[in-house]
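These protein sequences, in sequence, are chains A and B.
Anchor point for the first sequence: position 22 equals 22 in the numbering used here, and the numbering is continuous, going up by one each time.
Anchor point for the second sequence: position 17 equals 1017 in the numbering used here, and the numbering is continuous, going up by one each time.
Glycine included, every Cβ here is placed at the ideal spot set by N, Cα and C.
Here the structure is a predicted model, which means the values were calculated and not measured.
First the structure, in the form of structure tokens, and then the observations on it.
Number of protein chains: 2
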Amino acid sequence: MYNVESEMIRMILNLDFESEIPIYQQLRSQIIEGIAMKKLKPGETLPSVRQMASDIGINMHTVNKTYTLLKQDGFITVHRQKGVTVNKMNKSMLTDEYLSRLKQNLRILIAEAACRGVNKDNFTETSLEIFSYLKKGE
Amino acid sequence: MYNVESEMIRMILNLDFESEIPIYQQLRSQIIEGIAMKKLKPGETLPSVRQMASDIGINMHTVNKTYTLLKQDGFITVHRQKGVTVNKMNKSMLTDEYLSRLKQNLRILIAEAACRGVNKDNFTETSLEIFSYLKKGE
DNA sequence: TATCTGTTATATTATATATATAACAGATAT
DNA sequence: ATATCTGTTATATATATAATATAACAGATA
């Protein structure tokens, strides 16, 4: 049977099974990227854990782990039986805990970049390019 | 016996043994941060794998793994018997492979940040603050 | 000669990741 | 009502990764 959500999600996902990054993390990142790029809009539904797992060819529990993380962080809502829907992004997702984690990650990234010869202008330019790239879909 | 390198490195390191981030990665990141902040200058020596391991209270092989990574990436040089020294940072460390990895990491970071309400100005400001923070030591 | 260096090898333990089955309870469609 | 779908939970297993523990080697040094 034809499945709209599965078609949508297939366009967004590009998992690398050889990567050292766990599948459930890649899945999380790519769904978040889909939301950031408005390929996934508020109210839209995602395939069920079983359907998604079957589409991608991975285990149900791997998808379940991703959904659980996305739910905890406010990206999606899981209505029992109505399925999984994308939330409207909300400023309440901008917690101190998250900001602290972001800064920590940025510090590691920037320290290495600086050592290797990426200066603040290069770095800022690259960041802005990525912001533009994500916004293209709007 | 008093050990200068050990004193230095103790000032720089702050490992979290409860973290989900592997120790050898934390160690790598923090040494790179030390180099970026010029707390570790070109030509300076790092403690031997055994000394460092003993100082921190971890296994020799964990330190060895970190040193091997840092060596591969050009941050340090290992002279058999002369010890481990910090390299002068070099533009040859700015490889395409690294830039690709940096952009990938930034894209994930920025996608989530954008969803949570960090706009490009916030993000740029935070990045520049970190660049300034790292440069304080110069 | 004794001691330190990085390096390599092997083994063991603990944890994380992914999978496989199974079951439960609520909701929906036929 | 019965079958089917939902998220969720539980249990077990296989594999990979991370960290540790010992040991040994070869080169350099005191």
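| query | result |
| --- | --- |
| Tell me, please, whether the segment 1093-1103 of chain B touches the segment 49-58 of chain A by the rule of three or more beta-carbon pairs shorter than 8 Å. | no |
| Excluding five sequence neighbours on each side, which residues of the same chain lie with their C-beta closer than 6 Å to the C-beta of residue 1066 of chain B? | 1024, 1027, 1028 |
| With DSSP run on the structure shown, which of helix, strand or coil describes residue 1124 of chain B? | helix |
| Tell me the DSSP secondary structure of residue 118 of chain A in three-state form. | coil |
| Does the separation of the CB atoms of residue 13 of chain A and residue 1106 of chain B fall below 8 Å? | no |
| Could you name the residues of the segment 1084-1108 of chain B whose beta carbon sits closer than 7 Å to any beta carbon of chain A, in the order they occur along the chain? | 1089, 1091, 1093, 1094, 1098, 1102, 1103, 1105, 1106, 1107, 1108 |
| Whose C-alpha, out of A/43, A/4, A/11, is nearest the C-alpha of residue 84 of chain A? | A/43 |
| Please confirm if residue 136 of chain A has its CB atom under 8 Å from at least one CB of chain B. | no |
| Please list, in chain order, all residues of the same chain as residue 49 of chain A whose beta carbon is under 7 Å from its beta carbon, the five residues on each side excluded. | 60, 63, 64, 67 |
| Leaving aside the five residues before and after residue 1088 of chain B along the sequence, list all residues of the same chain whose C-beta is less than 6 Å from its C-beta, in chain order. | 1042 |
| So, at 7 Å on beta carbons, what are the nonlocal neighbours of residue 1078 of chain B in its own chain, with the 5 sequence-adjacent residues on each side left out? | 1067, 1071, 1084 |
| Strictly by DSSP, which residues pair up with residue 130 of chain A? | Answer by DSSP bridge pairing: none, since residue 130 of chain A is not bridged. |
| Indicate whether residue 102 of chain A and residue 1114 of chain B have their beta-carbon atoms separated by less than 8 Å. | no |
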